[in-house]
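In the working numbering, the protein residues as written are 51 to 219.
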């Protein structure tokens, strides 16, 4: 929530990736479908994170001009929701993780290119903590795609954290 408040308070979305934020909302919706298929109450509750992500995205929509490429990427990303319903769930989940990884790298590029902007420490730490919890849970639950994604995303979040606090404003 702090990330959303920062965007609305500063009236800026500088250094917050539109694509990553929009994709994470879509990701949580698709992951809810997967969680109901598995079934996992823990995964379903984790999907409630779509609410603060929606608040962040609304702020970006209000204060940041989206490029045509960002709109196209978000449109294409929305296809994972029907794909999760009708296609093999594990294959779609793997595609989700690969896309999330790419968009996470794009978030790092935003910080590198634009400086720290309004990217909040609490947002970065929440993503790191969530990844750590999911890595532990997925290891325990024998969900290897989830485990490897969360484990491999941590270094990128640490790099973003480093960039956030070593780049002059």
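Note that beta-carbon positions come from the ideal geometry of N, C-alpha and C, so glycine has one too.
Note that this is a predicted model, so its numbers are computed, not measured.
- Runs of the alpha helix (DSSP H) lying entirely within the segment 63 to 93 and spanning at least 4 residues, in chain order: 68 to 87.
- Residue 134 sits in a helix when the DSSP states are folded into three classes.
- In the structure shown, residue 115 falls within a coil segment according to DSSP collapsed to helix, strand and coil.
- The alpha-carbon of residue 153 is positioned some 15 angstroms away from that of residue 143.
- Residue 68 holds the alpha-carbon nearest to the alpha-carbon of residue 119 among 64, 214, 68 and 198.
- Taking the C-beta atoms as reference points, residue 168 is found nearer than 8 angstroms to residue 63.
- In the three-state DSSP reduction, residue 195 falls in the helix class (H, G or I).
- With respect to residue 112, residue 166 sits apart: the two C-beta atoms are not nearer than 8 angstroms.
- For residue 127, same chain residues with a beta-carbon under 6 angstroms away, outside a window of 5 residues either side, are 73 and 76 in chain order.
- Approximately 6 angstroms separates the beta-carbon atoms of residue 80 and residue 146; this is inside 8 angstroms, confirming the contact.
- Listed in chain order, the non-local C-beta contacts of residue 131 below 8 angstroms within the same chain comprise 76, 79, 80 and 83, local neighbours out to five positions each way being set aside.
- Straight-line spacing of the CA atoms in residue 171 and residue 140 works out to 32 angstroms.
- Short of 7 angstroms from the beta carbon of residue 110, and not among the five residues preceding or following it, lie these beta carbons of its own chain, in chain order: 57, 63, 66, 68 and 71.
- Take the alpha-carbon of residue 177 and the one of residue 188: they are about 16 angstroms apart.
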